[in-house]
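Residue numbers (UniProt numbering), protein chains in the order written: chain A, 1 to 502; chain B, 1 to 502. A virtual CB, placed ideally from N, CA and C, is assigned to each residue, including glycine. The structure appears right after this line, and notes come after that.
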């Protein structure tokens with residue numbers, strides 16, 4: 001008996017990955033674990049890709065619908081995309097190979113609010129889930145599963161799939177037991193009850209995932225690392241964004257609109273988000289909590305320094321150095337971190353109740369406060385909306401952050417009209433760039449335009465934006481609530497496509 | 001002692017409206033009762049307008065910021081707008097005089113999710129509330145207030161305002177006592193608790209509003225009717241929309257995705273929404289519940305027939321005939337209707353928990369599933385987003401309904417790109433026109449486009465829409481996730497502005 005698989009029933013099901021993937025058929029819907037580069041199945045994707053390639057060599061079609069927690073890594077999404085093995089994908093992706101296929105139009109991508117994905121599956125909106133492939137850290141004697149470095153949609157996939165393949169990854173620290181809080185009392189309407197969570201550090205569930213052993217068709221052992229990108233060092237632009245944001249929090253506390261220990265923070269993933277965390281860590285704030293999606297390196301810094309006393313999330317998103325640091329001190333982090341299902345980490349009910357401070361990156365904002373988080377020049381998807389909508393809509397206070405320009409100044413992140421809307425004018429509180437911070441709360445669209453242009457736009461684009469508003473106001477004197485020139489509103493993007501310069 | 005004002009302290013404060021409005025000063029923020037044409041103050045607006053006009057005649061400025069539950073009526077918003085007395089307005093408006101001022105750019109309008117308005121005021125996002133003017137049905141001996149025909153934001157305004165004027169309207173039936181459920185346990189983060197409601201007919205609060213008597217500066221007696229528009233008779237187009245929608249619900253029940261008595265319904269206000277209610281009433285469905293904003297005439301029909309067994313809302317929106325019918329049978333409706341604060345009627349926590357079926361009108365949808373609920377040709381606001389975002393985002397299932405054309409066929413309600421986004425592609429489930437029903441659940445943007453064009457667009461616009469997608473796909477082969485031609489995507493709207501025809 002293997003020390004990681006102590007359930008007698010499930011121990012009999014251990015096979016190779018090559019054997020396991022024989023349970024996956026062309027046209028299946030496959031629900032995998034994984035959120036950021038953490039906790040995804042390490043062996044199944046390559047084995048399935050080989051099977052797909054063999055089928056292709058025989059002239060047969062072999063593609064699957066792939067559902068996950070969120071993004072995965074090159075050895076999951078990447079290897080399957082490389083053999084054109086993914087017909088459709090939800091609810092999030094950041095893999096470059098798969099992104100190219102999505103943008104070429106050969107893969108159908110459903111970019112969904114992460115808090116919606118589990119329930120929409122359960123509602124039956126996505127069709128049947130043929131098989132789940134879920135990485136775990138260990139299988140206990142009674143069949144309970146110790147989750148690994150992400151939870152994501154694992155509970156739903158395990159509950160709802162017809163068949164289950166478990167991957168037991170020896171690389172994941174056995175000490176993960178106790179780092180998870182899996183809420184098993186979700187239900188379909190009309191049988192839903194209040195979710196009893198009132199503090200980020202509260203346990204409302206159990207440390208284990210569960211599975212009906214009769215559904216488990218294979219157990220595969222692996223010993224392979226998670227793969228997350230390293231973060232870039234904090235640059236001047238990110239540092240300036242962080243300073244504006246931290247200053248503003250200070251100002252809100254002083255104005256009496258927020259407690260000194262703030263409210264639970266949520267931080268998106270990426271270099272700017274990491275810089276904001278660094279800014280908080282360098283500040284006087286202390287005793288904070290996080291109610292967020294991902295524990296990235298910056299969160300460990302905050303936990304280490306005591307700036308953060310607790311973090312609730314659904315996944316780790318650590319660099320190699322971050323992983324080493326976490327593993328070396330894992331027992332010190334116990335009790336300071338809980339991973340939950342993404343339907344709980346991102347739940348509107350909880351985000352609103354806790355009064356989360358949401359901080360998310362964006363691709364662009366427009367002068368009236370609409371934000372584009374997903375599309376480059378209106379048509380190509382970058383990654384996806386992820387949890388940004390779950391958090392922003394229900395937050396006590398939300399920030400959207402970005403450098404004011406991109407591509408060496410060729411692109412303005414502040415435009416007359418965003419080329420795609422992910423967060424509407426009704427949902428955006430504060431826009432921050434290295435130029436400054438535009439507080440849009442309580443303002444009408446024209447007042448927002450003044451503030452966004454003055455405080456967030458890059459100086460070299462300010463005059464053109466101001467002139468746009470003035471000409472739009474003049475052109476239609478009875479249409480000045482949100483003044484636009486519809487034959488010009490997207491011309492900045494078109495100009496970039498035509499000339500490489502907005 | 002007046003039979004409607006039996007509190008000794010408050011009875012001493014009865015004055016004329018002209019006296020009462022002396023407590024309102026230029027530049028004040030004034031929070032009024034009112035939601036649809038129900039429950040707004042009947043005497044204050046005209047008296048304040050007279051005072052404003054007198055000031056203006058003396059060469060003095062007199063404008064106020066006006067906050068409400070939602071829309072009001074010509075004798076509230078209308079009379080104040082007529083003297084240019086409103087400097088800014090939130091969170092919703094449908095008054096034509098005020099709308100013209102907003103669109104002329106002379107009034108700042110903050111068009112907000114209704115579930116956000118109370119908490120954003122309390123968070124301090126709107127600044128100080130100088131005075132509240134709230135209509136009630138009666139004042140009880142202990143100072144408790146029997147609400148009138150809408151609740152809206154009254155609880156928050158009464159709690160948060162520096163001063164309060166009460167209007168006691170003798171026209172409102174004294175039997176209203178017991179029709180309301182006011183939840184007084186809301187709190188600011190980090191002190192929020194789960195809201196204990198799990199069924200639409202559950203009482204979680206008290207039948208009364210409360211006010212600190214020391215803040216009440218005046219009590220005014222009125223005897224004036226609510227004013228709601230009559231509905232048009234159901235026409236062929238609305239009937240067809242209703243039939244598609246009811247058929248689809250039938251189909252969902254048959255597919256096992258919904259119980260036979262459905263899930264709580266929410267219905268927007270308007271003729272199409274009323275037609276949908278009529279369609280439900282004519283169907284085999286029975287024993288339904290509603291968790292909605294407004295009880296309109298169609299809801300009374302459903303309650304009378306037993307199709308609906310209970311309705312939770314925040315307001316009545318009855319025609320004159322509907323009011324008479326309600327008043328004549330008011331005791332029969334008791335126990336079948338509860339009015340709540342709009343922060344509760346529209347609460348994301350509750351909408352998601354109950355699994356509401358949300359049905360809302362729209363101005364236009366685009367082929368990729370984005371919906372515009374608020375703006376005509378991108379710049380002029382029509383009314384506002386109201387509760388449509390609260391319900392749609394958190395619904396079990398949402399529908400957006402509209403005739404497929406407007407202005408006698410000059411405008412297509414299905415366009416390449418909406419000119420304003422209120423509900424994003426991540427949030428829209430089903431689009432319904434008289435042409436048919438486009439079920440967009442689980443689909444990628446290009447698959448949505450096929451379905452919207454085939455099932456929802458008017459035949460005379462279908463080819464042009466299909467050609468648009470084909471040309472967009474051809475133009476940028478690596479940008480086919482959401483194919484757009486940015487120099488053409490809004491050209492349909494521009495063409496209408498230029499030529500009167502899309």
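Closer than 8 Å to chain B by CB, residue i
i, result
"residue 126 of chain A", "yes"
"residue 263 of chain A", "yes"
"residue 108 of chain A", "yes"
"residue 77 of chain A", "no"
"residue 64 of chain A", "no"
"residue 36 of chain A", "no"
Length of the line joining the Cα atoms of residue i and residue j
i, j, result
"residue 331 of chain B", "residue 171 of chain B", "17 Å"
"residue 223 of chain B", "residue 167 of chain B", "10 Å"
"residue 1 of chain A", "residue 337 of chain A", "Because residue 1 of chain A carries a pLDDT of 49, less than 50, the predicted location of this residue cannot be relied on, and the following value inherits that uncertainty. Cα to Cα, the separation comes out at about 31 Å."
"residue 43 of chain A", "residue 17 of chain A", "6 Å"
"residue 503 of chain B", "residue 186 of chain B", "The requested residue 503 of chain B is not part of the displayed model; chain B covers only 1 to 502."
"residue 71 of chain B", "residue 429 of chain A", "24 Å"
"residue 3 of chain A", "residue 205 of chain A", "25 Å"
"residue 207 of chain A", "residue 177 of chain A", "7 Å"
"residue 307 of chain A", "residue 226 of chain A", "27 Å"
"residue 184 of chain A", "residue 479 of chain A", "51 Å"
"residue 283 of chain A", "residue 437 of chain A", "18 Å"
"residue 262 of chain B", "residue 249 of chain B", "8 Å"
"residue 340 of chain A", "residue 197 of chain A", "12 Å"
"residue 346 of chain B", "residue 458 of chain A", "39 Å"
Supposed close pair residue i, residue j - CB separation, criterion 8 Å
i, j, result
"residue 299 of chain B", "residue 173 of chain B", "Their Cβ separation, rounded to whole angstroms, is 18 Å, which puts residue 299 of chain B and residue 173 of chain B out of contact at 8 Å."
"residue 209 of chain B", "residue 147 of chain B", "5 Å"
"residue 41 of chain B", "residue 32 of chain B", "6 Å"
"residue 231 of chain B", "residue 162 of chain B", "No, residue 231 of chain B and residue 162 of chain B are not in contact; Cβ-Cβ is about 39 Å, not under 8 Å."
"residue 95 of chain B", "residue 81 of chain B", "6 Å"
"residue 391 of chain A", "residue 266 of chain A", "5 Å"
"residue 64 of chain A", "residue 85 of chain A", "6 Å"
Classification of residue i by the beta-carbon crowding that lies within 10 angstroms, buried from 16 upward
i, result
"residue 13 of chain A", "buried"
"residue 355 of chain B", "buried"
"residue 190 of chain B", "buried"
"residue 503 of chain A", "Outside the shown range of chain A (1 to 502) lies residue 503 of chain A, about which nothing can therefore be said."
"residue 353 of chain A", "buried"
"residue 111 of chain B", "buried"
"residue 373 of chain B", "buried"
"residue 117 of chain A", "buried"
"residue 128 of chain B", "exposed"
"residue 499 of chain B", "exposed"
"residue 446 of chain B", "buried"
"residue 324 of chain B", "exposed"
Residue i: CB within 7 Å of a non-hydrogen atom of the ligand MG
i, result
"residue 131 of chain A", "This structure lacks the ligand MG, and indeed carries no ligand of any kind."
Proximity test, Cβ basis, 8 Å: residue i and chain A
i, result
"residue 473 of chain B", "yes"
"residue 24 of chain B", "no"
"residue 385 of chain B", "yes"
"residue 123 of chain B", "yes"
"residue 257 of chain B", "yes"
"residue 1 of chain B", "Legend: pLDDT at residue 1 of chain B = 49, less than 50; position of this residue unreliable, value from coordinates given subsequently. Chain A, which has no Cβ nearer than 8 Å to the Cβ of residue 1 of chain B, makes this no."
"residue 287 of chain B", "no"
Please name the residues in the segment 481-496 of chain B whose beta-carbon is closer than 8 Å to at least one beta-carbon of chain A, in chain order. 481, 482, 483, 484, 486, 487, 489, 490, 491, 493, 494
Mind checking the segment 406-424 of chain A against chain B and listing, in chain order, the residues whose C-beta falls within less than 9 Å of any C-beta there? 417, 418, 419, 420, 421, 422, 423, 424
Within 8 Å of chain B by C-beta, residues of the segment 180-198 of chain A in sequence order: 188, 189, 190, 192, 193, 194, 195, 196, 198
May I ask you to list, following chain order, the residues of the segment 393-406 of chain B that have a beta carbon less than 7 Å from some beta carbon of chain A? 393, 394, 396
Residues of the segment 306-330 of chain B in Cβ contact with chain A at a cutoff of 8 Å, in chain order, please. none
Give me the subset of the segment 435-446 of chain B whose CB atoms are less than 9 Å from a CB atom of chain A, sorted by chain position. 441, 442, 443, 444, 445, 446
Residues within the segment 333-360 of chain B neighbouring chain A, beta-carbon criterion of under 7 Å: 348, 349, 352, 353, 354, 355
Chain A contacts from the segment 90-115 of chain B (Cβ-Cβ distance under 7 Å): 102, 103, 104, 105, 108, 109, 110, 111, 112, 113
According to a CB-to-CB cut-off of less than 9 Å, which residues of the segment 198-227 of chain A neighbour chain B? 198, 199
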